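Encoded as structure tokens, the structure appears first; notes follow it.
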Amino acid sequence: MPRLYLFILAFAFSGLNSAYSQGFSHEIGAIVGPVAFQSDYGERGDASTFTGNTGFAIGLVHYMNFSYNSECNCYARQNFFNDHFKVRSELSYIKADLQHKGQWAEKNSVFGEQLRNMRGEASIINLGMQLEYFPLSIRDFSNTIGAFAPYVSLGAQFSAYSPEATSTTGPLTVLNTPVKYRNGFTNEDGTTWSLISSVGTRYKLSEYSDLLIDLRFQYYFSDWVDGLKPDPNVYKENKSNDWMVWLNFGYIYYID
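In structure tokens form, the structure reads like this:
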């Protein structure tokens, strides 16, 4: 498997080097959509947790389009990389409201009541890049109004998060915090890296504009993004890091 990763990286860098030498054009846009945030709030595998712990996200995006050279106002010499890949840079903001769902939060007990009363909020700023692969020709898509251009992508982002863990009865204390979270919550800001992967498609709206729809999976290399991290050696059900799914819609404009 490591050899496969090295091959993919080598291919990407060689393609980027070739594309840069030929020039490229720019695209800018905006994206927005709902997110489903999966964390230590709620019960793993519970449908109400997935549908209940939601929020929204907005972002600004920039693309390097290697099929067209803005320096000469002409198409670049066609090769596999510049006709099937784009590099996307992105700055996004995510906010999700979190609450415990599932059978344990529904129990008629002190523990269940404490869970039901807990509230969380995750605010995250992401900055990063991803490589998008278009199976169909980018050049053909650019010349066809009403065409679709499906793609898949893989990339990484640097994420700054600001969690807030509290209770409807006030700040979390020994009296209102479930035992498993008493030494496993924080309201301190932090940073981490995240891995992103998405599948989506563009629609050619006009000569200089596209619409897009994109379904993204984002995995954070931290379990503190939501502000909760019970001891994973004791509570095995909370051993996973935080992650989210984002369905975003966007508008892209070709500036060169």
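For reference, each letter of the sequence shown is one residue, going 29 to 284 in my numbering.
Positions of the beta carbon are idealized from the N, C-alpha and C atoms, including for glycine.
Keep in mind the model is a prediction, meaning the values are calculated, not measured.
Using the C-alpha atoms, what's the distance from residue j back to residue i?
i: K267; j: V63; result: 22 Å
i: D74; j: S170; result: 43 Å
i: N204; j: G87; result: 37 Å
i: N81; j: I153; result: 18 Å
i: F162; j: Y179; result: 4 Å
i: R72; j: E265; result: 7 Å
i: L275; j: I241; result: 7 Å
i: E235; j: D111; result: 17 Å
i: Y33; j: L159; result: In this predicted model, Y33 has a pLDDT of only 42, less than 50, meaning its place in the structure is not dependable enough to derive any value.
i: T229; j: E55; result: 16 Å
i: S237; j: G140; result: 51 Å
i: A85; j: R244; result: 12 Å
i: Y121; j: V202; result: 33 Å
i: E134; j: D270; result: 23 Å
i: L239; j: L233; result: 6 Å
i: N261; j: K208; result: 12 Å
i: K123; j: E216; result: 16 Å
i: I283; j: V60; result: 21 Å
i: S49; j: S95; result: Since pLDDT at S49 reaches only 43, below the 50 mark, its modelled position is unreliable, and the value read off the structure follows with that caveat. Each residue's alpha carbon lies about 12 Å from the other.
i: Q142; j: L256; result: 15 Å
i: D259; j: P206; result: 13 Å
i: R167; j: T79; result: 39 Å
i: T197; j: I173; result: 56 Å
i: M272; j: S137; result: 30 Å
i: F39; j: S151; result: Annotation note: pLDDT 46 at F39 (below 50); position unreliable, coordinate value reported separately. The straight-line gap from Cα to Cα measures roughly 35 Å.
Going by C-alpha distance, which of the options is nearest residue i?
i: G183; options: V262, E235, K114, Y236; result: K114
i: Q131; options: L223, L159, R144; result: R144
i: Q185; options: S195, P199, S222, T214; result: S222
i: S117; options: V60, N215, Y282, G156; result: G156
i: Y281; options: V89, V273, S95, G61; result: V89
i: V253; options: M146, V60, L126; result: L126
i: Q246; options: I224, G255, K257, P258; result: I224
i: Y263; options: V273, N211, M272; result: N211
i: L119; options: Y91, A150, V273; result: Y91
i: P199; options: F78, M146, I173, V273; result: M146
Mind checking whether residue i and residue j have CB atoms under 8 Å apart?
i: A58; j: G278; result: yes
i: Y69; j: G148; result: yes
i: S226; j: S190; result: no
i: A193; j: F176; result: no
i: S250; j: T220; result: yes
i: Y248; j: S165; result: no
i: F109; j: G83; result: no
i: S76; j: K129; result: yes
i: F52; j: N93; result: yes
Sorry if obvious, but does the Cβ on residue i come closer than 7 Å to a heavy atom of the ligand NAD?
i: A150; result: Of ligands this structure carries none, so the ligand NAD is not represented either.
Closer than 8 Å, CB to CB, is residue i near chain C or not?
i: N171; result: The structure shown contains no chain C; it holds only a single protein chain.
Please give me, in chain order, every unbroken run of the alpha helix (DSSP H) with length at least 4 that falls completely inside the segment 152-235.
Within the segment 152-235, the complete alpha helix (DSSP H) runs of at least 4 residues are 166-170.
Q.
Give the list of continuous alpha helix (DSSP H) stretches no shorter than 4 residues that lie fully inside the segment 60-120.
A. Taken in chain order, the whole alpha helix (DSSP H) runs of length 4 or more contained in the segment 60-120 are 75-80, 108-112.
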